[in-house]
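Numbering (my numbering), first residue to last: 12 to 303.
Built from N, CA and C at the ideal position, the CB exists for glycine as well.
These numbers come from a predicted model, not from an experiment.
Beneath this line is the structure, given in structure tokens, with notes to follow.
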Ligand SMILES: Cc1cc2nc3c(=O)[nH]c(=O)nc-3n(C[C@H](O)[C@H](O)[C@H](O)COP(=O)(O)OP(=O)(O)OC[C@H]3O[C@@H](n4cnc5c(N)ncnc54)[C@H](O)[C@@H]3O)c2cc1C
């Protein structure tokens, strides 16, 4: 199908883009990499009056590490995350997860900001942002505000962004020497959206975990924290019994939907399997690039 007709504008500065959004509000849609927006337009799931192409706003691109903080511009492409030594060293969860996002052609154009703002419940990066407690830097005509990832994802394709706001960057704490991340997902084919996925982050001390964050995706309307399982894995030796108890606790933490891809029961079972895999990986990390 062809998209419905729309006006198109390509602003040259952030303030120009914000001015356009303030004037057109709900009728306008931002275009970043276009890898989610264009299919949605072609399928006529969306019909904005105006498409605002922010691809020329170079200030929204790039990855910088300073004083223990990593700032990633919203227009940074998936492929740039994949190739970044800063990301591999300081935010390794993103480096591992991005390998599972779609295929090279899509990663060459898709952006981290587009993925976060689109808030697809099956997407990898929103769950990583919640696991790592990222801060979303959001610009509007009144200035800039910071939204913690925990408060950003509100529902299916729904975020805390207002119609006149632009996500300009994400900020992450660089991981410390005693912190580790792990990532696992199950998909029908490599590059497909996950049937179930899990992004995890914790402090690790020998065989104990602390400050555990287990964030599932493709299992609810937003990234879902498994808080009971997190508590059971915190501060005690990680024996087989501990992991089994945490797996059982997922029954209370998760309420997976059934769809044409998998039943609710199948998703629950996948969630248990992924939990065991990430715990193993937190204790015994796989070097980036060796995970297959
Ligand atoms: C075949 C296929 C397979 C895919 N598989 C996966 C997958 O496995 N996992 C996955 O996570 N993704 C997948 N994607 C989606 C891909 O990752 C997209 O690139 C991403 O979701 C959106 O990024 P984008 O830059 O292309 O955003 P766009 O498509 O340009 O925009 C998406 C939405 O976000 C809004 N937006 C964009 N940037 C901003 C901003 N800075 N501030 C505010 N709003 C903004 C737009 O208005 C639009 O509503 C797939 C896409 C395709 C076509």
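N-terminal and C-terminal residue of the beta strand (DSSP E) that residue i is part of
| i | result |
| --- | --- |
| residue 77 | 74-77 |
| residue 159 | 154-159 |
| residue 112 | Note, residue 112: premise wrong, no beta strand (DSSP E); not H, not E. |
Proximity test, residue i beta-carbon vs ligand 1 heavy atom, cut-off 7 Å
| i | result |
| --- | --- |
| residue 129 | yes |
| residue 135 | yes |
| residue 121 | yes |
| residue 65 | yes |
| residue 204 | yes |
| residue 273 | no |
| residue 115 | no |
| residue 258 | no |
| residue 286 | no |
| residue 74 | no |
Residues of its chain near residue i, where Cβ-Cβ distance is below 7 Å and the 5 sequence neighbours each way are ignored
| i | result |
| --- | --- |
| residue 150 | 25, 29, 176, 177, 179 |
| residue 171 | 158, 162, 163, 165 |
| residue 222 | 213, 214 |
| residue 119 | 88, 90 |
Three-state class that DSSP yields for residue i in the structure shown
| i | result |
| --- | --- |
| residue 229 | coil |
| residue 91 | helix |
| residue 264 | helix |
| residue 245 | strand |
| residue 101 | helix |
| residue 202 | coil |
| residue 258 | helix |
| residue 24 | coil |
| residue 239 | helix |
| residue 49 | helix |
For residue i, the first and last residue of its enclosing alpha helix (DSSP H)
| i | result |
| --- | --- |
| residue 281 | 275-294 |
| residue 68 | Note, residue 68: premise wrong, no alpha helix (DSSP H); not H, not E. |
| residue 126 | 123-129 |
Candidates the options, of which the one nearest residue i by Cα
| i | options | result |
| --- | --- | --- |
| residue 250 | 68, 290, 225 | 290 |
| residue 98 | 143, 21, 19 | 143 |
| residue 104 | 226, 220, 265 | 226 |
| residue 53 | 267, 13, 154 | 13 |
| residue 255 | 286, 37, 134, 80 | 286 |
| residue 189 | 214, 204, 174 | 214 |
| residue 181 | 221, 192, 112, 125 | 125 |
| residue 230 | 243, 281, 111, 248 | 281 |
| residue 38 | 292, 72, 198, 63 | 63 |
Beta-carbon proximity list for residue i, same chain, < 6 Å, skipping 5 on both sides
| i | result |
| --- | --- |
| residue 139 | 104, 105, 108, 210 |
| residue 18 | 61 |
| residue 152 | 29, 33 |
| residue 288 | 195 |
8 Å CB neighbourhood of residue i in its chain, flanking five on each side removed
| i | result |
| --- | --- |
| residue 216 | 189 |
| residue 218 | 248, 249, 294 |
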